[in-house]
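The sequence shown: position 22 = 22 (UniProt numbering), numbered continuously.
Idealized CB from N, CA, C, for every residue including glycine.
See structure below.
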Amino acid sequence: MDLANFLIQLLNSLQYGLLLFMLAAGLTLIFGIMGVVNLAHGSFYMLGAYLAWSLSTQFNSLALAIVVGALLSVALGLALEWLLFRHFYHRDHLDQVLLTFGLIYVFEELRSLVWGDDVHGVNVPPSLEWSIPLTDTLSYPGYRLFMSGLCLLLALGLYLLISRTRLGMKIRAGAFNRDMAESLGINIKLIHATVFALGVGLAAVAGMIAAPIASVYPNMGSQVLIMCFVVVVIGGIGSVRGALISALLVGLVDTFGKVLLPQASGMLVYLLMAAVLLWKPEGLFKQ
């Protein structure tokens with residue numbers, strides 16, 4: 001592999017890892033803070049992709065579609081938390097698994113009714129249809145750089161929200177000791193609703209920005225769900241920092257594995273997870 005190809009694959013692994021982090025961050029927040037096993041998280045990614053396709057067609061602008069789609073996704077997260085999830089906080093994980101597994105089928109049927117079963121494509125905005133030349137024959141698309149930059153910006157915003165704001169302090173307090181936080185006057189129900197809506201919004205935005213390069217098709221959420229759980233397990237359940245480092249590792253292993261060891265690429269990520277769990281069963285970082 002020459003230097004140009006190595007640089008392209010390195011940028012691809014960074015972009016894929018950051019996209020995984022956006023998905024896994026919402027999943028680890030929901031599980032680590034609310035204690036809810038959410039198997040429907042991949043459906044929110046799929047929903048975001050379909051919203052990007054539908055809204056960009058209506059508005060003729062992917063940027064506006066992302067903004068409107070993010071707001072709609074947050075509203076959906078608030079509604080789902082209020083109608084369903086808040087009644088399952090104190091119930092067994094099996095009940096939560098059954099609820100969220102059922103939601104997968106509900107979202108798939110709704111997707112089929114609203115948008116049909118065809119495969120769709122989302123156009124890259126004209127302002128991002130440029131590329132950076134690396135050699136005479138190789139270049140790197142500007143839209144992938146935009147994806148990486150947006151994911152980094154959202155990751156920084158999430159870090160500042162959790163570690164530097166009063167809301168973040170309440171979220172951390174509710175995660176470590178819910179009863180004590182409630183006794184101090186913190187509205188835990190509102191915190192849980194906020195966290196769940198944030199997780200849904202992150203997953204949907206990940207689907208929206210990935211739509212132009214991954215297409216939009218049925219069951220696309222199920223393919224990323226397993227990888228999200230791998231990232232969460234490797235990083236440590238409840239750790240946002242662990243999710244970021246784990247997502248970058250998974251992106252690196254998966255991308256270079258497909259190039260260097262294509263026959264074994266499908267199992268390399270799971271071998272990485274097994275190795276990490278043998279070394280640190282609680283993941284790279286504790287909550």
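Notebook entry, point to check: When the Cβ atoms of the segment 250-262 are set against those of the segment 44-56, are three or more pairs found closer than 8 Å?
Noted result: The segment 250-262 makes no contact with the segment 44-56; the number of CB pairs closer than 8 Å stays below 3.
Check: For the alpha helix (DSSP H) that contains L212, what are its first and last residues?
Finding: A small fix is needed here, since residue 212 is Pro in this sequence, not Leu. Note, P212: alpha helix (DSSP H), I188 to A214.
Checklist line | First through last residue of the beta strand (DSSP E) which encompasses I237 | finding: Neither: I237 is in no beta strand (DSSP E) and is coded neither H nor E.
Margin query: Please tell me whether, using a cut-off of 6 Å, the distance from the CB of G257 to the nearest non-hydrogen atom of the ligand MG is below it.
Written below: Summarising the ligand content, the structure contains no ligands, and the ligand MG is consequently not present.
Note to self: Give me the residue from D2, E282 and F196 with the minimum Cα distance to G236.
What the structure shows: Considering only alpha carbons, the answer is E282.
Note to self: Give me the DSSP bridge partner(s) of I132.
What the structure shows: Partner(s): Y140.
Notebook entry, point to check: Within this structure, are the beta carbons of L128 and Y143 separated by less than 7 Å?
Noted result: A contact, by the Cβ cut-off of 7 Å.
Item checked: CB of residue 319 within 7 Å of CB of G17, strictly -> The structure shown has nothing for residue 319, since the chain only spans 1 to 287.
Notebook entry, point to check: Among residues of its own chain, excluding the 5 on either side of L62, which ones have a beta-carbon nearer than 6 Å to its beta-carbon?
Noted result: Same-chain partners within the cutoff: S56 and P125.
Note to self: Please classify G149 as buried or exposed, where buried requires at least 16 other C-beta atoms within 10 Å of its C-beta.
What the structure shows: Classification for G149: exposed.
Check: Going by alpha carbons, who is nearest to S139 out of L3, S163, N60 and A25?
Finding: Ranked by how close their Cα comes to the Cα of S139, the residues L3, S163, N60 and A25 have L3 in first place.
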